[in-house]
Amino acid sequence: MRVHNGGSNVGINRVPYSPRGTNWKVSILPLVFLIFIGSESWWIYSKLNEQVVFLSVEHHFK
């Protein structure tokens, strides 16, 4: 099967073999996205945790 327009098949087949060019960017993008989302959710979680601890401490000393 020959693809002349450089379609998705060519990109998919070449990802493991050619780390240079746009292919490595395509494979690294989801990883960066996941790391970003993970750090964001961790930050939100820690903020919520702080809030909960603060409220419970405040309630305890009233």
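Each residue of the sequence shown is one higher than the one before, starting from 28 at the first, in the numbering used here.
Heads up, the beta-carbon is just placed ideally off N, CA and C, and yes, glycines get one too.
Straight-line gap, residue i to residue j (C-alpha atoms, nearest Å)
i: Val80; j: Lys74; result: 10 Å
i: Leu82; j: Ser68; result: 21 Å
i: Ile64; j: Leu56; result: 12 Å
i: Leu61; j: Ser54; result: 12 Å
i: Trp70; j: Leu58; result: 18 Å
i: Gln78; j: Ser66; result: 18 Å
i: Glu85; j: Tyr72; result: 20 Å
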